[in-house]
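K.L.:
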Amino acid sequence: MAVAPGVQLEPGDVLVTGRDGRMGVTFVDGTRFAVGPNSRVTLTSFQFDRTRQSGSFVTSVDRGSLGVVSGSIAKSGRDAMRVRTPTSMLGVRGTRFVVDVP
Amino acid sequence: MRIGGAIAAILTLGACAAPKAVLLPGEDGHPVGALAVLDEKGGEQVMDQPLRSARMTRSGATLRTEKAIKPAYQQLMNTLPPPAKSFTLYFVDGTSTLLPTSRPVLDQIRAEMTARSGAEVQVTGHTDTVGSDEDNDRLSQKRADEVMAELIAEGFPKDALSAVGRGEREPAVNTGDNVANAENRRVEVIVR
Chain A
55 MAVAPGVQLE PGDVLVTGRD GRMGVTFVDG TRFAVGPNSR VTLTSFQFDR
105 TRQSGSFVTS VDRGSLGVVS GSIAKSGRDA MRVRTPTSML GVRGTRFVVD
155 VP
Chain B
194 MRIGGAIAAI LTLGACAAPK AVLLPGEDGH PVGALAVLDE KGGEQVMDQP
244 LRSARMTRSG ATLRTEKAIK PAYQQLMNTL PPPAKSFTLY FVDGTSTLLP
294 TSRPVLDQIR AEMTARSGAE VQVTGHTDTV GSDEDNDRLS QKRADEVMAE
344 LIAEGFPKDA LSAVGRGERE PAVNTGDNVA NAENRRVEVI VR
C-alpha cells in the first residue's frame with residue numbers, strides 16, 4: 055500500500071521504502087523515526103499508557119537504515135524500547151541513534 | 194597496487210555486511226543517553242558516549258568509536274519529523290469559554306498544523322478541583338470539544354484530531370480538593 059502523509063500506523067505494520075524512498079514517523083509517546091532508502095522496518099509491538107507515560111515498543115530493522123529519537127517509552131523502564139536486527143537485540147536507553155542493516 | 198585495492202575493497206565489504214548501531218549526540222544539547230546490545234544470557238554491551246558504535250554478528254558485538262557521523266547517517270537524521278509541539282489554552286471559571294488571552298494560541302496551533310505534513314492533533318481538557326469528579330469530567334470534555342470544534346471550523350480534517358477530557362486528574366498545579374485555580378482550567382493541545 056502506498057501511503058500519503060497523515061496515515062495512522064498500527065502494531066504489526068511493516069514500513070518499506072524503495073531505492074529513493076524515505077519516511078518519517080512520529081509515535082504517540084514522542085518517539086520519532088526516519089526510515090532510509092531500501093529499508094524494511096517492522097513495528098513488532100507498541101503499547102503506550104498516556105496517563106502513566108509508560109509502555110513497551112519493539113521494532114525490527116530487517117534491512118536498510120533507521121534513525122531514531124526515542125520518547126517517553128524508552129524512559130519509562132529499562133529496555134522498555136528495543137530494536138531487533140537480524141543478528142542482535144538492542145536495548146534503548148535514549149535518545150538518538152542509527153541502526154544500519156546492509 | 195590494483196590487486197591490493199581489490200583486496201581492501203573485499204575486506205571492507207566483508208566488514209560492512211554485519212548490522213551496525215551508532216549512538217549519536219543528544220538533540221539540542223540533550224545528554225547522549227545509551228544503547229545496549231543485549232545477549233540471550235542477560236549480558237549486555239553498553240554504548241554511552243557519542244559516536245560509540247557496535248558491529249553486531251550472531252556471535253557477539255564489537256564496539257568502537259567512530260571518527261565522525263557518516264554523511265548518509267546525517268542525511269537520514271535530517272529526514273526525521275520535527276518534535277511534537279504543545280500548547281495550553283485557558284478558560285473562564287466553570288465554563289468552556291476560552292479566555293480572550295488564549296485566542297491567539299488557536300492561531301499558533303493552526304499555523305503549526307499547516308506547517309507539518311500529515312499533522313495529528315491531540316486535544317486534552319482539564320479542570321481545577323472545584324466541584325464533583327463527574328461534573329469535572331464533563332466540563333473537561335466540553336472544553337476539549339470546544340477547542341476541537343474551533344480547529345475543525347478552519348477546515349482541518351476531523352479524523353486528524355481527537356479530544357478527551359481528563360477532569361481534575363492531571364492538574365498543572367497540585368492543589369487540595371475544591372480549590373479554584375486558573376492554571377488548572379485548561380486544554381492542552383499536542384501537534385505531531
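Those protein sequences? They're chains A and B, same order as listed.
Residue numbering for the first sequence is 55 to 156, as defined by the working numbering.
Residue numbering for the second sequence is 194 to 385, as defined by the working numbering.
Cβ coordinates follow ideal geometry from the N, Cα and C atoms, glycine included.
Would residue 344 of chain B pass as a contact of residue 303 of chain B if the rule is Cβ separation under 8 Å?
P.N.:
yes
K.L.:
Just verifying my parser: in three-state terms, what is the DSSP assignment at residue 308 of chain B?
P.N.:
helix
K.L.:
What residues from chain A crowd round residue 213 of chain B, counting only those whose CB sits closer than 9 Å?
P.N.:
139, 152, 153, 154, 155 and 156
K.L.:
Just to confirm before moving on: does the CB-CB distance between residue 153 of chain A and residue 139 of chain A stay below 8 Å?
P.N.:
yes
K.L.:
Taking C-beta pairs closer than 9 Å, name the residues in chain A that residue 226 of chain B reaches, listed in chain order.
P.N.:
Within chain A, the residues near residue 226 of chain B are 124, 128, 146, 147, 148, 149, 150 and 151.
K.L.:
If the cut is a Cβ gap below 8 Å, which residues of chain A does residue 303 of chain B touch?
P.N.:
Under the 8 Å cutoff, chain A gives no residues; its nearest Cβ is about 16 Å from residue 303 of chain B.
K.L.:
Return the first residue and the last residue of the alpha helix (DSSP H) that residue 58 of chain A is part of.
P.N.:
Premise fails: residue 58 of chain A is in no alpha helix (DSSP H) and is neither H nor E.
K.L.:
What separation, rounded to the nearest whole angstrom, lies between the Cα atoms of residue 314 of chain B and residue 354 of chain B?
P.N.:
5 Å
K.L.:
Let me confirm a value: residue 260 of chain B is counted as buried when at least 16 other C-beta atoms fall within 10 Å, else exposed. Which label applies?
P.N.:
exposed
K.L.:
Between residue 74 of chain A and chain B, is there a C-beta pair that is closer than 8 Å?
P.N.:
no
K.L.:
Note the first and the last residue of the continuous alpha helix (DSSP H) segment covering residue 332 of chain B.
P.N.:
326–346
K.L.:
Quick check on residue 133 of chain A - is its C-beta less than 8 Å from some C-beta in chain B?
P.N.:
yes
K.L.:
Is residue 379 of chain B helix, strand or coil when you go by DSSP?
P.N.:
Residue state, collapsed to three classes: strand.
K.L.:
Less than 8 Å between C-beta atoms, sequence neighbours within five positions excluded: which residues of the same chain meet that for residue 294 of chain B?
P.N.:
283
K.L.:
Which partner residues of residue 87 of chain A appear in the DSSP bridge assignment?
P.N.:
As computed with DSSP, residue 87 of chain A is found in a beta bridge with A:79 and A:122.
K.L.:
Based on Cα-Cα distance, which residue from A:79, A:149 and A:155 lies nearest to residue 220 of chain B?
P.N.:
A:149
K.L.:
Note down the Cα distance separating residue 328 of chain B from residue 126 of chain A, rounded to an integer number of angstroms.
P.N.:
31 Å
K.L.:
Given that a residue counts as buried once 16 or more other Cβ atoms are within 10 Å of its Cβ, and exposed if not, what is residue 65 of chain A?
P.N.:
exposed
K.L.:
What do you get for residue 373 of chain B, buried or exposed, if any count of 16 or more other CB atoms within 10 angstroms of its CB means buried?
P.N.:
exposed
K.L.:
What residue from B:306, B:310, B:366 and B:349 has the CA that sits closest to residue 57 of chain A's CA?
P.N.:
Among B:306, B:310, B:366 and B:349, the Cα nearest to that of residue 57 of chain A belongs to B:310.
K.L.:
State buried or exposed for residue 224 of chain B, treating a residue as buried only when at least 16 other CB atoms are found within 10 Å of its CB.
P.N.:
exposed
K.L.:
Count the other C-beta atoms from every protein chain shown that fall within 10 angstroms of the C-beta of residue 334 of chain B, then say buried if there are 16 or more, exposed otherwise.
P.N.:
buried
K.L.:
In chain A, which residues lie with their C-beta within 8 Å of the C-beta of residue 237 of chain B?
P.N.:
145
K.L.:
Would you list the residues sitting across from residue 69 of chain A in a DSSP beta bridge?
P.N.:
Residue 69 of chain A pairs with A:95.
K.L.:
Per DSSP, residue 114 of chain A is paired with what?
P.N.:
A:96 and A:138
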